[in-house]
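Asker: Chains as they are written, first to last, in the working numbering: chain U, 287 to 398; chain H, 2 to 110. Here a beta-carbon is modelled for each residue, glycine too, at the ideal position from N, C-alpha and C.
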């Protein structure tokens, strides 16, 4: 089944403790991206990647890192999480920006 | 950047009723998607519809790209249709999807 898989689905962590949210797609898509969704602010892009080893900042990249060492995986790294990074996170993939995008199930992150 | 406006912001329906959700966008696009965010937060793909009309069961969508709008029709609504409906288009640099603020739909039994 074609899908985008994020893990974990839910995470509660403490300020400053490094964490990684994984994202994997099995559709051989070149384009992948991360979004965060916050009440009143909608979905905002954090980082995107047009292909392996090619990443770029989105609208709200501060406090996040990404890597794209292989086509199927695009992990999101929070090296020192803070409470303002409490949010619902989505990973998405598509062949390119003119084709249908598919989203992962979402990761609810709470930083205390 | 491109602006996406959805209407209405909120909608309450009785089960069995029909509804039309609208998405206006400020610039020409080659890609438009409709999503349903269910109460558990998952974003479900409904339609990829740059132009024309598509149907999937009780749902259908029409995009008139030349007039910069898209419509999502829900017929014979069910309680499981509740949630938030988003439309999204690529920004001018084709680096991100720009989402509308969504229409929150509540279908009561």
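1. May I have the straight-line CA-CA distance separating residue 72(H) from residue 99(H), to the nearest angstrom?
2. List, in order along the chain, the chain H residues whose C-beta lies closer than 7 Å to that of residue 329(U)?
3. Within 10 Å of its beta-carbon, does residue 107(H) have 16 or more other beta-carbons around it, so buried, or fewer, so exposed?
4. Check this for me: beta carbons of residue 319(U) and residue 21(H), under 8 Å apart or not?
5. Show which residues of chain H have a CB atom less than 7 Å away from the CB atom of residue 391(U).
6. Verify the CB distance criterion: does residue 31(H) have a CB-CB separation below 8 Å to chain U?
7. In three-state terms, what does DSSP make of residue 369(U)?
8. Grab me the residues of residue 28(H)'s own chain with a C-beta within less than 7 Å of its C-beta, minus the 5 sequence neighbours each way, in chain order.
9. Is the region 333 to 348 of chain U in contact with the region 301 to 314 of chain U, if contact means three or more CB pairs nearer than 8 Å?
10. Grab me the residues of residue 321(U)'s own chain with a C-beta within less than 6 Å of its C-beta, minus the 5 sequence neighbours each way, in chain order.
11. Residues of chain U with CB under 7 Å from residue 34(H), in chain order?
12. In angstroms with no decimal places, state the Cα-to-Cα distance between residue 325(U) and residue 66(H).
13. Is DSSP giving residue 97(H) helix, strand or coil here?
14. State the Cα-Cα distance for the pair residue 62(H) and residue 49(H), rounded to the nearest angstrom.
15. Using a Cβ-Cβ cut-off of 8 Å, state whether residue 319(U) counts as contacting chain H.
16. Check whether chain U comes within 8 Å of residue 63(H), counting only Cβ atoms and requiring the distance to be less than that.
17. By Cβ distance, which residues of its chain are closer than 7 Å to residue 16(H), with the 5 residues on each side in sequence left out?
Answerer: In short, the structure shows the following:
1. 17 Å
2. 100
3. exposed
4. no
5. 43
6. yes
7. helix
8. 3, 93
9. no
10. 329, 331, 376
11. 386, 387
12. 29 Å
13. coil
14. 9 Å
15. yes
16. no
17. 78, 79, 80, 108, 109, 110
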